[in-house]
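For the sequence shown, position 672 matches number 1006 in our numbering, and the numbering has no gaps at all.
C-beta: ideal position from N, C-alpha, C; glycine also.
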Amino acid sequence: MEDNLSITPHIPDSTYRLQLNGGFRFTDAARIVHYLHTLGISDIYCSPYLRAKQGSTHGYDIIDHTSINDELGDMQDYDGLISELKRHGMGQILDIVPNHMCVASNDNALWMDVLENGTSSIYARYFDINWYPVNMDLTHRVLIPELGDQYGNILENGELQLSFEEGAFFVWYYDHKYPIRPQTYINILQYELDNLRDSLGEEHPQFTELLSILTAIKNLPAYLETDVELVKERAREKEIIKRRLNTLHNESVELRAFIDNNVKTFNGVKGDSGSFDLLDTLLRSQIYRLAYWKVAMEEINYRRFFDINELGAIRMEDDTVFNHTHRLIAGLIREGKVNGLRIDHPDGLFSPADYFYSLQRLCYIQGRLAEGVKDNEGVENLLNAEFDAIMLSNPEYKPFYIVGEKIFAKNEIMPDDWMIFSSTGYAFLNNLNGLFVNGKNKKHLDNIYSKFIDHRFDYEKLVYDKKKLVMKVSLASEINMLGYYLKKISENNRHTRDFTLNSLINVIVEVISNFPVYRTYARAWQVNSYDKTYIEFAVSNAKEMNPSINASTFDFLKDVLLLNLPDGTSDAAREQWIGFVMKFQQITGPVMAKGVEDTVFYIYNRLVSLNEVGGHPDTFGVTVEDFHSKNINRLRYQPHALITTATHDTKRGEDVRTRINVLSELPDEWERLVFRLKKLNESKRLTVGNKTAPAPNDEYLLYQTLIGATPTGLTPELVQTYDLSDFKARISNYMIKAIREAKVNSSWINPNDEYEKAIVSFIYSLLVYKNNKKFFELFLPFQNMVSAYGMYNSLSQVLLKITSPGVPDFYQGTELWDYSLVDPDNRRAVDYETRIAMLSTLQKKEREVGIIELNKELLADMKNGMIKMFLTYKVLNYRKANKRLFDVGDYVPLATTGKNANNVCAFGRSLGNDYMVVVAPRLVTDIFDIDTPLSYIKKSWRETYILLPIKKEMTFKNILTNQTIKAQKHGRVYRIPFYNLTNNFPVAFLTRFD
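Written out as structure tokens, the structure reads:
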């Protein structure tokens, strides 16, 4: 076969994220395809829809990678969605989960097989289990931390129940089911066996069959067996035993009574401690050890997704695992049903670069098979070789559109060996969001915050402390494992063998606490220059902060991480070093995520619109120049990157952030309000132990949350009859989650019920008009003003997202105002009927009354969100019709002059004779009067101009108003007066019209 570059990626124009679940199925998605197409979307972007745990609302708790989730519909429903997409010329991007599976489901056949058969399971290699952990009691066993209390209490309370089902024994803990190891069936079947012999007689055929089954059980290959043939024999013979036992149970009244009575006896009698000895002995002989869920923090011996016990990591670096878990995906790609992939949490993988290479190769092969290459024996090897040869000659080649969920630290870049088109857009989100934060007021906001909470946070110190907290508590088992691993390495060399286990663990903790990025990417005995810099930075900082720890211990860890092996190192020792480094790399990411995004971001509440996934809350505002610079770099290096303003993981809805950003523009007004509210609500606070509830930091977060999430247009008059019950519940649920994530006054591990109840009480008393009229009279006028300014920010944000380099991504429902909070709040059902009707109305009115009159109506009632939908619809459809301009057209930052030059972000996109100009106001409290915004802006911006780098007179048309405007020559330059651009709409999108 010759090199073949006919397999080319499908590049979406725009994507629209859909959260599929039991309440929004394939058929529901199919019904809105026409609407999304009309809106201007080119591709739907689906949450994971492989088979997940029953009742999953998000799809990330996968239990079977080889089948579609039947809660979303059957294959006919799925194919109906695909047909509807194809009928509209649309594609599909699918979110897949290569890092983990749900291990808290009875329906996960792979995990259940491991629990039944241990290392002899044909799926033992699938899961990242440490079969030789620090706790020797867990050697060749798996800790299952799912009990709600200490094991002994659970056992003697009768909450663990043995059962016999279709020839197999299981133990149940409420809805959780655990298989009994086949060899230990003997414990149950030999109990009172003599009585059965006396009753039936030794020659009775059913008794001899039972004896034969017991012999077969004894002859099963051991559960520690790993020989391939013996593993297959065990897998086959144990099932034969179960069938024989089931037949005996069904056909013999005596055997049924014998087995059922034994099961009853093993289940014990509540109140009789000794009666549970049989079940206890049986459970001690299993592959797993059932334990109190809090034990996981220190002893769990399977790698998890972050610190979530229910999600067990899988070993995607194993070719068998890769091929098994991608079998269905491969078929969907070959059939043209999936056109792109979003990869969840690649930082959790053993080697993301190797994974992406394998994935692109798989996609290439499916593309070649779809072309008609005959799928016969040996063709896969030929296509593998063909792909490898292409990559040698063309390393930049990527046959399939793949993006990865990667979070970047400051100044971190995408690893250049990742064969993907981009990350999922968090860097863009935070860069764009920063445009609407007034950096000049940083110190003022610092002072307000510090004064309110009577404390001043050192952000970097807070990050350091909370990463250490996470390693001490929720990820302690992983850190302990690393320590023992490093200790083994140290013992191989006379110069390092005296390092103690505790000192090595301490050094690991300190270095990870100082790590500036999520992880490094050493592989194949190579540490790149970026990773070397990160490692040296972390070790240097840790060493400086810990003068009492022997510096040579830090140097030893640095040498290991940099793979600086001593001369004469054996091959076995080399493998130990790389093994440690790879495990270390998989742990630093969860520590960063849990310590920073899921802890610090709920503590450091100065301006919470900055506390976003992938964000840096200590960075206060982004300049227009920096925004342009990032756009130019994206166009140059990742022109098809996904760019977004909201995802299923963002901490706040995109329009919540644009409201809260306004506080950075109104520090004096905000200061007056927040301290008046603090004093006004003093009587509503409760005392819990020696704490005030809410604590000042939590109260400060609450007021910002209310600024961002309060329903649009709520006035002191309206609130008297407005039903706030749903809103109060949403805010309460959010605050409970935020408080637990912060781990200061409560936590997920040790919930402080009294404090949480006091918070809910405070919120409910706050949001009852008859009890708190003064609060609403103070709060709502300010909130309405902020909300109005926030809408203008949001319109600018939408325009900049759609027109910037990259592929604009929309989270479901955000074509209207979105004031949702962190999940699960942002996964509430979307009212598509209203949206479909709104879009139809917009199209009809534009035809019937014209765009100018429509603009007036939209501006007169911005609260309903139609103005945001109109902007999205007009610009997305223009983008779709001019795909090449946005894919490869030049990006030119446009200079502005005049008094309000800093209050606008403007740029041009050009390709050949095509030329367009984007003009988006920012920091709008300086320029907008919320009562008469357009007339006010015309007056305020009279001396502000957009300068165009053109060499001749050019006429433009604003597609949002259908108005035309000429660039005026002024000296040697051409310019457009800003006030002419916004006569009828707050933002401008100009296209060449001559």
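(message) With distance defined between alpha-carbon atoms, name the residue in V672, R661, F656 and K671 nearest to F690.
(response) The residue with the shortest Cα to Cα distance from F690 is F656.
(message) Helix, strand or coil, according to DSSP, for H950 in the structure here?
(response) coil
(request) Could you pull out every residue in the same chain whose Cβ sits closer than 7 Å to the Cβ of N883, ignoring the five residues on either side in sequence? (result) Contrary to the premise, residue 883 reads as Ile rather than Asn in this sequence. Result list for I883: S837, N840 and V841, in chain order.
(message) Taking 8 Å as the limit between beta carbons, can you name the residues of its chain near M1288, skipping five residues before and five after?
(response) Y1249, L1282, K1300, A1301, Y1308, R1326 and D1328
(request) Decide if H789 is buried, meaning its Cβ has at least 16 other Cβ atoms within 10 Å, or exposed. (result) exposed
(message) Could you give the first and the last residue of the continuous alpha helix (DSSP H) run that contains A1171?
(response) Y1166 to V1183
(request) Would you list the residues sitting across from N355 in a DSSP beta bridge? (result) F358
(message) Rounded to whole angstroms, what is the Cα-Cα separation between I1134 and A1254?
(response) According to the sequence as given, residue 1134 is Leu; it is not Ile. Cα-Cα distance, rounded: 7 Å.
(request) Could you tell me whether the segment 1056-1070 touches the segment 1031-1042, using the rule of 3 or more Cβ pairs below 8 Å? (result) At 8 Å Cβ cutoff, the stretches touch.
(request) In angstroms with no decimal places, state the Cα-to-Cα distance between D611 and F600. (result) 8 Å
(request) Kindly indicate the opening and closing residues of the beta strand (DSSP E) around G425. (result) DSSP places G425 in the uninterrupted beta strand (DSSP E) bounded by G425 to I430.
(message) Quick check on DSSP: helix, strand or coil for R853?
(response) coil
(message) Among the candidates T400, R359, G425 and I402, whose CA atom is the shortest distance from the CA of I378?
(response) Closest by C-alpha distance to I378, out of T400, R359, G425 and I402, is G425.
(request) Since I believe I396 is in contact with C436 (beta carbons under 8 Å), could you give me their beta-carbon distance rounded to a whole number of angstroms? (result) 6 Å
(message) Quick check on Q410: does DSSP put it in helix, strand or coil?
(response) helix
(message) Here's the rule I'm using: 16 or more other beta-carbon atoms within 10 Å means buried, otherwise exposed. How should G357 be labelled?
(response) exposed
(message) Buried or exposed for R421, going by 16 or more other Cβ atoms inside 10 Å?
(response) So R421 counts as exposed.
(message) Cutting at 8 Å between CB atoms, please list the residues of its own chain near L1048, excluding the five before and the five after it.
(response) Y1056, L1114, Q1117 and N1118
(request) Select from G1147, L835, D614 and S1059 the residue whose C-alpha is nearest the C-alpha of T518. (result) D614
(request) Within 10 angstroms of the Cβ of F1009, are there 16 or more other Cβ atoms? Answer buried if so, exposed if not. (result) exposed
(request) Would you mind stating whether G407 and R365 have Cβ atoms separated by less than 8 Å? (result) Contact: no.
(request) Indicate whether the contact test is met: 3 or more Cβ pairs, each with one atom in the segment 1213-1228 and one in the segment 340-349, closer than 8 Å. (result) yes
(request) Give the single residue among N772, I642 and K892 whose Cα lies nearest to the Cα of W1082. (result) The shortest Cα separation from W1082 among N772, I642 and K892 belongs to I642.
(message) Assuming K1077 and L716 are in contact, meaning their beta carbons sit under 8 Å apart, how far apart are those beta carbons, in whole angstroms?
(response) Their Cβ separation, rounded to whole angstroms, is 55 Å, which puts K1077 and L716 out of contact at 8 Å.
(message) Going by DSSP, what residue range makes up the beta strand (DSSP E) through V1307?
(response) V1307 to P1311
(request) Excluding the 5 residues preceding and the 5 following T1341 in the sequence, name in chain order all residues of the same chain whose CB lies nearer than 8 Å to its CB. (result) In the structure displayed, the chain extends from 335 to 1328; residue 1341 sits before or after that span and is not available.
(request) On a CA-only basis, which of H538, E567, E563 and R831 is nearest L554? Give me that one, please. (result) E567
(message) Applying the 10 Å Cβ sphere with the 16-neighbour rule, what's the burial state of H974?
(response) buried
(request) Output the residue ranges of the beta strand (DSSP E) runs that lie fully inside the segment 1072-1137 and measure 3 residues or longer, sorted by chain position. (result) DSSP assignment within the segment 1072-1137 yields no whole beta strand (DSSP E) run of 3 residues or more.
(message) Assuming the contact rule is C-beta atoms closer than 8 Å, L1140 and R968 should be a hit. Round their C-beta distance to whole Å, please.
(response) Checking the sequence shown, residue 1140 turns out to be Gly, not Leu. Yes, they are in contact, since the Cβ atoms of G1140 and R968 sit about 6 Å apart, within 8 Å.
(request) For Y508, count neighbouring C-beta atoms within 10 Å of its own C-beta (all shown protein chains included) and say buried if the count is 16 or more, exposed if not. (result) exposed
(message) Using the three-state DSSP reduction, which class does E1187 fall into: helix, strand or coil?
(response) helix
(request) To the nearest angstrom, report how far apart D1265 and G423 are at their CA atoms. (result) 43 Å
(message) Between the alpha carbons of Y936 and S808, how many angstroms are there, rounded?
(response) 17 Å
(request) Return the chain-ordered list of same chain residues with a C-beta closer than 8 Å to the C-beta of W911, the five sequence neighbours on each side being excluded. (result) I823, V894, L897, L899 and T903
(request) Return helix, strand or coil for S454, following the three-state DSSP convention. (result) helix
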